[in-house]
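Protein chains in written order, with this note's numbering: chain A, 1 to 444; chain B, 1 to 444; chain C, 1 to 444; chain D, 1 to 444.
By construction, the Cβ of each residue, glycine as well, lies at the ideal position given by its N, Cα and C atoms.
Source: prediction; values computed, not measured.
4 protein chains.
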Amino acid sequence: MKIAVIGGGSLYTAELARGFLARGDILPLSEIALVDIPEGADRMAAVSGLVGRMFAAAGLSVRVTSGFDPNVAIDGASFVLNQFRAGGLAGRSMDEKIPLRHGVVGQETTGPGGFAMALRSIPIALDMAERVQKLAPLAWVLNFTNPAGLVTEALVRHAPKVRTIGLCNIPLIFKRGVAKALSVPAEQIELSMIGLNHLSFARVFLGGKEITPLILASDLGVKELVANIPGLDPSDPAVQAMVRLMRRIGRIPNPYLRYYLMPQAMLSEEVRTLAAGEGTRADQVMRLEAELLARYREPDRTAVPAELDQRGGAWYSEAAVEVIEALITGQRSVLVVNTRNDGATPSLPPDSVVEVDAAVGADTVSPLAHGVLPPEIAGLVGAVKAYEQLTIEAAVTGERDTALAALAAHPLVPDVGTAVGLLQDLLEAHRPFVHPGFFGRADA
Amino acid sequence: MKIAVIGGGSLYTAELARGFLARGDILPLSEIALVDIPEGADRMAAVSGLVGRMFAAAGLSVRVTSGFDPNVAIDGASFVLNQFRAGGLAGRSMDEKIPLRHGVVGQETTGPGGFAMALRSIPIALDMAERVQKLAPLAWVLNFTNPAGLVTEALVRHAPKVRTIGLCNIPLIFKRGVAKALSVPAEQIELSMIGLNHLSFARVFLGGKEITPLILASDLGVKELVANIPGLDPSDPAVQAMVRLMRRIGRIPNPYLRYYLMPQAMLSEEVRTLAAGEGTRADQVMRLEAELLARYREPDRTAVPAELDQRGGAWYSEAAVEVIEALITGQRSVLVVNTRNDGATPSLPPDSVVEVDAAVGADTVSPLAHGVLPPEIAGLVGAVKAYEQLTIEAAVTGERDTALAALAAHPLVPDVGTAVGLLQDLLEAHRPFVHPGFFGRADA
Amino acid sequence: MKIAVIGGGSLYTAELARGFLARGDILPLSEIALVDIPEGADRMAAVSGLVGRMFAAAGLSVRVTSGFDPNVAIDGASFVLNQFRAGGLAGRSMDEKIPLRHGVVGQETTGPGGFAMALRSIPIALDMAERVQKLAPLAWVLNFTNPAGLVTEALVRHAPKVRTIGLCNIPLIFKRGVAKALSVPAEQIELSMIGLNHLSFARVFLGGKEITPLILASDLGVKELVANIPGLDPSDPAVQAMVRLMRRIGRIPNPYLRYYLMPQAMLSEEVRTLAAGEGTRADQVMRLEAELLARYREPDRTAVPAELDQRGGAWYSEAAVEVIEALITGQRSVLVVNTRNDGATPSLPPDSVVEVDAAVGADTVSPLAHGVLPPEIAGLVGAVKAYEQLTIEAAVTGERDTALAALAAHPLVPDVGTAVGLLQDLLEAHRPFVHPGFFGRADA
Amino acid sequence: MKIAVIGGGSLYTAELARGFLARGDILPLSEIALVDIPEGADRMAAVSGLVGRMFAAAGLSVRVTSGFDPNVAIDGASFVLNQFRAGGLAGRSMDEKIPLRHGVVGQETTGPGGFAMALRSIPIALDMAERVQKLAPLAWVLNFTNPAGLVTEALVRHAPKVRTIGLCNIPLIFKRGVAKALSVPAEQIELSMIGLNHLSFARVFLGGKEITPLILASDLGVKELVANIPGLDPSDPAVQAMVRLMRRIGRIPNPYLRYYLMPQAMLSEEVRTLAAGEGTRADQVMRLEAELLARYREPDRTAVPAELDQRGGAWYSEAAVEVIEALITGQRSVLVVNTRNDGATPSLPPDSVVEVDAAVGADTVSPLAHGVLPPEIAGLVGAVKAYEQLTIEAAVTGERDTALAALAAHPLVPDVGTAVGLLQDLLEAHRPFVHPGFFGRADA
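See below:
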């Protein structure tokens with residue numbers, strides 16, 4: 001079994017290798033083929049070196065190859081992992097800063113920042129999918145590239161013959177967090193999940209019984225809801241209102257929901273951080289990655305540095321490994337993935353991608369049915385899905401008016417006028433990475 | 001055939017009478033029973049007097065009765081028209097002013113103003129429906145009371161045995177406007193319409209052929225799109241962007257869409273008008289109504305004063321009459337109404353109310369199918385529908401958290417914190433008219 | 001406005017002309033172009049002659065042309081009427097006789113006879129549709145060719161760019177019959193109809209109020225249900241059971257339902273008639289047509305002979321004219337047609353064709369929603385629809401196994417073994433008219 | 001954990017005990033409470049004795065209790081197993097014989113026999129469900145009582161608060177059979193299944209890859225398809241046609257499909273067997289059970305006699321145990337069950353029960369989505385579902401006309417007249433066990 005890793009120079013590749021090593025008994029892995037762009041050659045050498053040492057130290061004969069030609073990596077692969085970052089962390093840094101100039105939240109995946117990242121990522125993802133269809137038509141593409149839900153839907157719509165599953169480590173982080181807080185094994189926790197990537201809502205089960213209301217009523221629930229909003233005061237009436245809303249719905253939101261419920265608080269915090277010279281999250285990650293790379297290059301190192309989790313990669317490999325295992329063994333497992341809705345909820349278009357618990361295996365991914373979403377969720381999630389569909393259409397057509405419609409449809413963009421200005425700045429900043437059609441006409 | 005008019009003291013009653021007179025040959029009308037609250041006794045006397053003179057002058061023997069007991073009016077009626085205004089124009093004036101203090105658009109039907117009006121109107125509408133079920137179980141309720149879509153959905157959900165149709169005069173105004181602009185008879189124009197009341201989207205047909213793109217490309221289309229935004233400059237890039245978006249969608253929006261696309265411009269205009277001492281629209285209407293009532297009381301008057309159209313009632317009676325005619329004659333007609341979705345579009349919940357062209361007659365209202373909505377429309381309309389569902393739930397339960405969830409779900413309310421403040425002020429202002437449950441607990 | 005008539009040599013063409021004459025004031029008809037096969041030259045000459053005299057006598061300047069090249073007839077037409085009969089009445093006669101040999105009902109449209117007719121008709125209908133797409137891309141095809149539902153679905157599936165409406169005169173015959181029995185104008189009767197062609201179910205409204213239960217409880221209802229079954233005794237317990245079933249459902253079935261409810265009685269009657277030397281219905285019609293053609297040829301004749309109604313064409317032209325009128329004027333009408341389900345009932349596939357009341361006009365046909373079918377109807381109608389889908393697939397692919405699956409799926413075919421024998425005989429009999437692929441392999 | 005067994009005197013109880021013993025390490029079983037009717041006291045004593053010895057021999061301290069009061073057994077149970085047989089094997093024997101007199105197949109679950117069994121079983125199942133709701137409201141009811149799909153749907157519709165799962169051992173028999181034929185562990189085989197109980201269709205996966213076409217092309221597939229039809233000749237053209245149809249569909253049918261595809265062959269075989277004095281299957285089982293009971297009573301016996309599998313119970317306990325395990329542990333499993341459709345396929349009503357692979361656990365049963373059924377399956381399955389819905393309505397209302405509509409809707413009943421006669425005879429034969437309403441009026 002060969003696995004191709006697109007964006008193989010990412011530091012996450014080492015985390016992936018750790019996951020494969022842990023299940024070396026079950027996964028019949030023979031080759032990991034890394035591919036990246038030439039500008040990332042040094043990084044990839046460091047990453048590839050560490051991964052090779054890891055397998056060698058474990059006594060597993062897995063070939064670790066690396067190169068710049070995606071076709072070589074993809075050819076004959078059973079699984080193709082997308083973890084590339086179009087435009088790099090420098091691009092992300094711009095995504096985090098430009099919206100602030102227009103009074104809108106700046107964030108890697110949510111809002112105008114995620115929009116710009118989607119415009120950069122989707123063309124590459126589709127190019128890779130085309131290669132997969134030719135060189136490894138039976139392979140499964142596992143997409144981690146952000147915005148993961150958007151990129152997965154682009155693949156599902158525009159490369160329908162390629163079998164794609166979108167993955168994110170947040171559901172696993174959440175599951176492990178609950179298990180740890182309750183001092184039970186993670187295997188006894190099950191998540192019932194529905195929504196979009198970075199905008200999903202969970203019900204939690206322990207030993208087959210639902211414990212969601214218990215969590216929501218506890219400090220754990222409040223913490224989950226507000227801990228990710230730096231500077232927020234749990235005694236603030238607005239924060240308390242937010243917690244009450246979630247209890248009312250009876251589901252635990254993905255922490256990214258905070259950008260929709262308290263955009264002004266989030267925006268203020270971002271502006272403050274930037275003004276204080278701390279940089280955006282991308283800037284911080286860039287510093288962190290430099291340090292981590294130095295560690296990767298330590299010649300005797302045969303393990304992932306502990307600091308990688310601060311980078312955000314916790315349980316990342318677990319998400320990949322459990323899907324791969326379900327697909328290659330005889331038995332189906334219920335896992336949280338991003339896949340076609342197909343009736344998982346009638347509140348979203350059947351052909352759109354949702355984040356949902358699904359039965360994975362038997363050559364298929366079958367999302368479990370969740371019925372109608374409560375209106376508190378349905379309205380917001382539906383609006384974001386509409387934005388996503390328009391963004392995908394813009395990314396593949398290069399039509400400015402479609403891009404404008406996408407931004408105008410986003411709940412965090414208050415006004416058509418704001419959308420006009422944002423679009424102008426974002427396209428200008430990322431010109432080398434987006435569809436050239438955007439610059440064919442000068443009418444937006 | 002008896003018709004009961006709830007809110008019979010409204011000046012619109014005379015416009016209704018004009019419509020019935022015009023079809024006196026077809027409608028077998030025997031009685032119009034007006035009912036209003038005692039505070040409106042004087043108004044109702046003036047209205048009733050004029051209406052009585054109108055029928056007499058036409059030589060029609062239609063009884064015009066008036067009183068304060070809804071049961072007397074409803075008993076045995078074939079049609080019950082809702083045109084009451086809970087809290088009067090004074091209440092509307094507050095709806096238009098309070099949101100401005102929170103930086104949000106203040107409007108009779110759209111946004112927090114419409115939310116407050118719904119909280120006041122729904123309990124009365126349901127009370128009337130209960131009486132209809134007992135005293136006139138086969139009657140049709142025609143609801144004009146605003147927010148008309150919300151009130152109709154409240155009736156459809158919570159008084160399902162009562163047959164309700166929601167009506168608005170905007171589709172007819174639009175149809176007549178197109179016919180006039182094209183110099184063709186209105187009968188040759190057909191509208192295909194889908195969306196929500198005050199948030200619907202039309203395709204236009206002339207002699208059986210679609211002319212929507214022609215209208216959108218013409219000055220007429222631009223005018224329809226921007227004329228209702230005072231002070232807007234057609235050369236403003238944002239305005240041009242808005243026009244381009246509509247051309248892209250290929251449908252002509254209800255003019256209220258401007259509140260969603262350009263909320264900041266609308267807000268500025270409202271703040272400016274108020275600061276200039278012109279009052280809100282409600283304040284202007286109060287002045288206008290005083291003048292009109294004086295005209296109504298002229299002893300020799302047997303016709304509706306021409307100024308009534310400035311009040312906003314153009315084609316109001318036409319909307320009622322064409323529905324009544326379709327229901328009592330043998331042949332079905334295709335009319336624009338507010339009714340249960342039931343598959344008219346899979347993009348909205350099947351049990352929710354939409355504004356749509358429907359076949360009316362044969363004891364049923366059958367909405368025509370429009371298929372999936374384009375994402376530009378689906379996201380916004382779905383979000384507003386979610387707000388509507390929560391508002392209805394809040395109105396009938398008196399739960400503060402539900403009311404909070406409703407406001408927080410509205411696309412024009414930017415933040416949970418803003419929703420908390422708005423809710424506090426709106427409930428306080430309208431305390432006598434809304435569910436007492438809102439004041440049973442002090443937790444919001 | 002030019003109308004092309006495929007199968008123009010049919011005697012029904014004169015009936016069509018009568019309908020166009022009656023609405024000469026509204027329909028801007030300039031040409032009727034008849035086309036038929038050379039074998040039908042004499043018939044077409046007689047028909048064309050009569051039709052020409054009819055228009056001339058009425059003082060209308062409508063060109064009546066005839067020929068053998070469909071392209072000439074179709075070129076530039078606004079409407080194309082299918083009323084051709086593939087294989088002629090001789091083919092129908094075989095369809096009525098062959099099934100009897102296998103112990104199965106023999107009938108023009110229902111059962112194996114209809115199956116064989118579909119295999120002959122569909123290839124021609126699709127060939128004509130291809131010409132329409134090239135030569136008259138905006139034309140509407142009005143299909144009367146039997147089995148009308150099946151042929152219409154074949155067109156809707158395999159010529160989706162051509163706009164097709166399937167028509168049948170039975171709904172109009174029924175409507176007129178009810179009006180006559182109740183001594184009211186037909187305009188006051190409305191039908192709410194759902195099901196398949198020759199297997200639909202009606203609710204009846206008079207002056208806007210439902211009268212279906214009254215009809216079902218009356219002699220009229222019983223007569224409608226059993227009158228078409230010669231020799232049936234209303235005191236027979238089985239007949240009484242059938243009438244009770246319909247009262248239970250609350251809908252009045254198309255008279256063809258008798259073939260499904262009492263197949264053995266129908267079969268016995270067919271066998272008896274044949275044995276008595278009376279021939280099948282096709283044989284009787286052939287005799288009748290010879291007499292009618294002689295009348296058509298009478299040089300002074302300028303009107304349709306009264307005997308045509310015995311042929312079965314009553315209200316045939318009305319069905320065509322009311323659809324044409326709705327499509328070319330500005331206003332939509334509610335008419336019974338065969339069109340895509342699209343949610344008219346969730347009990348049948350959305351992409352399949354149903355017989356249903358629909359709003360016709362504004363360049364569209366929008367079926368009205370009927371909700372879930374009661375199980376008494378849903379099971380049978382669903383099974384017949386499955387047979388229809390397989391028959392269409394067989395007709396366009398020429399695959400024997402598909403044809404076998406179609407026959408085996410028909411509720412009137414009791415057994416796979418019977419299906420094998422029937423298929424063999426039917427294909428052999430109609431070899432010149434069906435897809436040649438059926439004879440490419442010898443494996444059924 | 002307490003398990004109540006309704007119909008505890010069934011010989012299958014011992015098989016159940018064997019299953020619980022095999023998973024004694026995982027299932028925290030404390031009591032098995034058997035309940036049966038007084039007429040079955042002797043049988044229950046024998047069964048209870050054997051089961052008690054089995055647990056004792058295994059050293060497990062599980063209480064085995066028995067009695068005639070269902071409330072005692074159900075009170076506090078975590079699971080309630082339905083395996084009662086209303087009317088006993090004597091009733092089944094009549095179900096197998098009466099239809100033959102009307103020229104229709106006589107079978108325990110399929111056709112008029114299953115109809116009569118449903119009329120007897122449903123009232124008891126609903127009575128038990130009512131007790132469960134009161135005495136064990138959180139219990140899961142596992143229904144094995146035949147016709148299992150019908151009885152499960154009756155529970156789902158008429159006792160919606162009780163959580164019911166319908167089970168059958170045929171899917172497990174099939175899975176084990178495939179695994180054995182391929183010499184692989186059963187764990188590597190997964191079934192994707194959709195349809196109705198005894199009318200479902202499977203796709204088969206080995207190690208995650210589909211092998212259905214391989215099986216259908218092999219002798220194994222042919223054997224599965226025809227082996228259950230005694231006396232059928234694989235060289236018979238009808239048999240070959242049937243095999244070809246299944247290959248075309250690409251799914252492997254439940255063996256009961258033979259009653260629909262070759263009813264006349266099945267009927268002939270049944271008539272022949274009866275004429276030869278061999279009795280029906282019920283008669284044979286009665287003889288077999290007498291012998292088995294003698295074995296059960298052997299004082300030293302602590303194991304199930306091997307002959308039980310001939311009775312038909314193979315893997316019966318496995319079906320129960322794997323569901324119980326999934327519901328009480330933390331992890332969900334994908335299992336074949338009978339449960340509400342809820343979108344598993346849009347080709348059947350969403351509120352009806354289907355046999356389908358579902359994710360079981362986390363307090364829910366979530367059927368996996370299978371999309372639209374191919375017409376070869378959809379027509380038949382839809383017709384049988386309509387029959388099932390009508391049968392359930394008849395069982396709970398005691399309306400003769402509803403029962404008549406049910407029988408008339410069954411694909412194996414050729415005629416309304418036949419349905420009238422069948423209904424008369426079946427109700428007469430089973431009068432003590434069916435709804436008394438059937439005898440309140442004498443109108444069928």
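Contact defined as beta carbons within less than 8 Å: I believe residue i pairs with residue j. What is the distance between those atoms, to the nearest angstrom?
i, j, result
"B/E325", "B/R63", "Not confirmed; about 21 Å, so no contact."
"A/H430", "A/I194", "Not really, about 32 Å apart at Cβ, beyond 8 Å."
"C/H158", "C/L126", "6 Å"
How many angstroms separate the CA atom of residue i from the CA atom of residue j?
i, j, result
"D/I211", "D/N169", "22 Å"
"C/L426", "C/P123", "16 Å"
"C/R287", "C/S48", "21 Å"
"C/R85", "C/A148", "11 Å"
"B/G19", "A/I252", "54 Å"
"C/E96", "C/A282", "8 Å"
At 9 Å on the CB atoms, spell out the chain C contacts of residue i, in chain order.
i, result
"D/Y387", "P375 and G379"
Counting along the chain, where does the alpha helix (DSSP H) carrying residue i start and finish?
i, result
"A/G166", "Unbroken run through A/G166 is the beta strand (DSSP E), R163 to G166; no alpha helix (DSSP H)."
"D/E130", "P112 to L135"
"D/A392", "Residue identity check: residue 392 of chain D is Ile in the sequence provided, not Ala. Counting along the chain, the alpha helix (DSSP H) containing D/I392 begins and ends at P375 to T397."
"B/D283", "R281 to Y296"
"A/R400", "R400 to A409"
Going by the beta-carbon positions, is the gap between residue i and residue j smaller than 7 Å?
i, j, result
"C/P237", "D/V420", "yes"
"B/G437", "B/G382", "no"
"D/V105", "D/L232", "no"
What residue range is occupied by the uninterrupted beta strand (DSSP E) comprising residue i?
i, result
"A/F84", "Run containing A/F84: none; DSSP gives neither H nor E here."
Quick one: list the residues of chain A neighbouring residue i, beta-carbon separation under 7 Å, in chain order.
i, result
"D/A362", "E190, S192, F205 and G208"
List, in order along the chain, the chain D residues whose C-beta lies closer than 9 Å to that of residue i?
i, result
"C/M246", "Going along chain D, no residue has its Cβ under 9 Å from C/M246, so there is no contact; the nearest lies around 10 Å."
Chain D partners of residue i, CB-CB under 8 Å?
i, result
"A/I328", "G207 and G208"
For residue i, which residues in chain D fall below 7 Å Cβ to Cβ?
i, result
"A/S366", "L368 and A369"
If the cut is a Cβ gap below 8 Å, which residues of chain A does residue i touch?
i, result
"B/L404", "A241, R244 and L245"
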